[in-house]
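Read through the structure below, which is laid out as structure tokens, and then see the notes.
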Amino acid sequence: MTTVTNPVRFGVLGCADVAWRRTLPAFAESATATVTAVASRDKDKARRFADRFECETVLGYDALLDRSDIEAVYIPLPTGLHHEWCAKALRAGKHVLAEKPLATTHQQAAELAGLARETGLCLMENRMFVQHTQHDAVRKLVANGELGELRVFNSTMAFPPLSAQDVRYRPDLGGGALLDAGFYPLHAAMLFLAEPLEVLGANLRRDPVSGVDVRGSVLLRAGDGVTAHLTFGFEHSYRSHYELWGSRGRLTLERAFTPPPDFQPVIRVERQDGTEQITLPPSHQYRDTIDAFTTAVRDGVPLDAHLETAVRGAALMDAVRTVNQPLE
Numbered sequence: 093m094t095t096v097t098n099p100v101r102f103g104v105l106g107c108a109d110v111a112w113r114r115t116l117p118a119f120a121e122s123a124t125a126t127v128t129a130v131a132s133r134d135k136d137k138a139r140r141f142a143d144r145f146e147c148e149t150v151l152g153y154d155a156l157l158d159r160s161d162i163e164a165v166y167i168p169l170p171t172g173l174h175h176e177w178c179a180k181a182l183r184a185g186k187h188v189l190a191e192k193p194l195a196t197t198h199q200q201a202a203e204l205a206g207l208a209r210e211t212g213l214c215l216m217e218n219r220m221f222v223q224h225t226q227h228d229a230v231r232k233l234v235a236n237g238e239l240g241e242l243r244v245f246n247s248t249m250a251f252p253p254l255s256a257q258d259v260r261y262r263p264d265l266g267g268g269a270l271l272d273a274g275f276y277p278l279h280a281a282m283l284f285l286a287e288p289l290e291v292l293g294a295n296l297r298r299d300p301v302s303g304v305d306v307r308g309s310v311l312l313r314a315g316d317g318v319t320a321h322l323t324f325g326f327e328h329s330y331r332s333h334y335e336l337w338g339s340r341g342r343l344t345l346e347r348a349f350t351p352p353p354d355f356q357p358v359i360r361v362e363r364q365d366g367t368e369q370i371t372l373p374p375s376h377q378y379r380d381t382i383d384a385f386t387t388a389v390r391d392g393v394p395l396d397a398h399l400e401t402a403v404r405g406a407a408l409m410d411a412v413r414t415v416n417q418p419l420e
């Protein structure tokens, strides 16, 4: 694999909170990428970002896509705008790193994957948690038979209510807990369980004011019969975890999806004869995602497998909506 010697020049479409708190600080720490300009429809928002991250400002997203000095774009816009602006960016000849999920529906995700193949450009869903080395450690333990035969998978991603003005309460912008918090346990199930995954049951509770789903649970069955129970939402005390329960032991990982770069993960394995705790070194999943994307751009490596997972994830979310028995 080629070592990236010249940083990929990025433009940023939008001034989202996740870009301010997480992703652009990771860009600043990466040697493989540089943020050239940030675009917003609000001049003051763009200036705030430009001052902190030492880049130029552009008024309007189309104007940024017209720039010849931008090779790739990072899109932290609300989920409901991903399909439109990912497609425009690809057609403008830009590689695209988009916040998760890639799109609101399977059809939209499949269209974007097809457009990336057609244009020969890199398109990546910012599924940053899979870059963390803790999940490789878990997979090795499972593969080595430390848990015996897998029986059950459980996972949760939930946190307290958001500000009433948060875009995740906007149905017209792709809001809701399933697309946001639910993304993590669904993709964790895809990471560890055998395909195909079938949705046996689902419950989504909709907020009567905003109209978006604010919490939910899903029951899955994997291709080998393993079952999974997933929980997510905006109405809980914080938890981010998964658990693999087998015939010989049970493995639990807390802070599974959004650990800070300096956090040392602890894998807890419980067996009949005792409990083992395995402390792992920190891993910078935000920066590592950027570096994986820029390496693919510079090496000209298609991201077909990554996009196939994104499309399957979108199909799974569609299935959850179809099976959903609403919570009142």
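Numbering (this note's numbering), first residue to last: 93 to 420.
Quick reminder that beta carbons are idealized off the backbone N, C-alpha and C, glycines included.
Inter-residue Cα distance where the pair is residue i and residue j
i: THR149; j: ASP109; result: 17 Å
i: LEU345; j: LEU270; result: 21 Å
i: ALA286; j: GLY315; result: 5 Å
i: ILE382; j: ASP365; result: 42 Å
i: ASP380; j: ARG363; result: 33 Å
i: PRO300; j: LEU289; result: 31 Å
i: LYS186; j: GLN223; result: 23 Å
i: ILE162; j: LEU204; result: 20 Å
i: GLY206; j: THR367; result: 47 Å
i: PHE141; j: THR248; result: 32 Å
i: ALA406; j: ALA164; result: 24 Å
i: LEU254; j: PHE275; result: 17 Å
i: LYS231; j: ASP354; result: The sequence shown places Arg at residue 231, rather than the Lys named in the question. So the two alpha carbons sit approximately 22 Å from each other.
i: THR128; j: ARG219; result: 23 Å
i: HIS279; j: HIS321; result: 13 Å
i: LEU189; j: ARG209; result: 15 Å
i: THR211; j: LEU399; result: 14 Å
i: HIS198; j: MET282; result: 16 Å
i: SER160; j: ASN246; result: 47 Å
i: ARG113; j: ASP143; result: 15 Å
i: TYR330; j: PRO277; result: 14 Å
i: ARG404; j: ALA397; result: 11 Å
i: ASP158; j: THR350; result: 34 Å
i: PHE385; j: ALA256; result: 34 Å
i: ALA118; j: PHE284; result: 27 Å
Same chain, Cβ closer than 8 Å to residue i, five either side skipped, listed in chain order
i: LEU239; result: LEU233, LEU336, TRP337, GLY338, SER339, ARG340, GLY341, ARG342, LEU343, VAL361
i: ASP134; result: CYS107
i: VAL291; result: VAL310, LEU311, LEU312, LEU408, ALA411, VAL412, THR414, VAL415
i: LEU372; result: THR225, GLN226, ALA229, GLN356, PRO357, VAL358, ILE359
i: LEU169; result: LEU105, GLY106, ALA108, TRP177, GLU191
i: GLY266; result: PRO170, THR171, GLY172, LEU173, HIS174, THR196
i: ASP264; result: GLY172
i: GLY303; result: PRO263
Sequence-distant residues of the same chain with beta carbon closer than 6 Å to residue i, five excluded per side
i: ALA138; result: VAL130, SER132, THR149
i: ALA348; result: SER332, HIS333, TYR334
i: ALA294; result: VAL310, VAL412, VAL415, ASN416
i: GLU153; result: One point to set straight first is that residue 153 is Tyr, not Glu, in the sequence displayed. Cβ neighbours of TYR153 beyond the five flanking positions: LEU105, ALA131.
i: ASP136; result: none
i: GLY268; result: VAL304, ASP305
Own chain, CB closer than 7 Å to residue i, minus 5 neighbours either side, in chain order
i: MET93; result: Confidence at MET93 is low in this model, with a pLDDT of 40, below 50, so its placement is unreliable and the value that follows should be read with caution. The residues are THR387, ASP391.
i: GLU241; result: GLY338, SER339
i: LEU395; result: CYS214, LEU215, MET216, ALA388
Buried/exposed call for residue i, threshold 16 Cβ in 10 Å
i: LEU151; result: exposed
i: SER122; result: buried
i: THR115; result: buried
i: GLU146; result: exposed
i: THR95; result: Low per-residue confidence applies at THR95: pLDDT is 46, beneath 50, and the placement is therefore not dependable, though the value from the model is reported in the following sentence. Answer is exposed; the Cβ neighbour count stays below 16.
i: PRO352; result: exposed
i: ASN236; result: exposed
i: ARG183; result: exposed
i: GLN369; result: exposed
i: ARG98; result: Strictly speaking, residue 98 in this sequence is Asn, with Arg absent from that position. So ASN98 ends up on the exposed side.
i: VAL393; result: exposed
i: GLY308; result: buried
i: TYR166; result: buried
i: ASP305; result: buried
i: ARG298; result: buried
Cβ distance (whole Å) where residue i is taken to contact residue j below 8 Å
i: ALA111; j: VAL100; result: With a Cβ gap of about 17 Å, ALA111 and VAL100 do not count as contacting.
i: HIS174; j: LEU194; result: 6 Å
i: PHE102; j: ALA120; result: Their Cβ separation, rounded to whole angstroms, is 11 Å, which puts PHE102 and ALA120 out of contact at 8 Å.
i: PHE221; j: GLN377; result: 6 Å
i: ALA402; j: ALA201; result: 6 Å
i: VAL318; j: VAL244; result: 7 Å
i: LEU296; j: PRO418; result: 6 Å
The region 258 to 278 / the region 325 to 332 touching (three or more Cβ pairs under 8 Å): yes
At least three beta-carbon pairs within less than 8 Å, the region 207 to 226 to the region 175 to 186: In short, these stretches touch, since the Cβ pair count reaches three.
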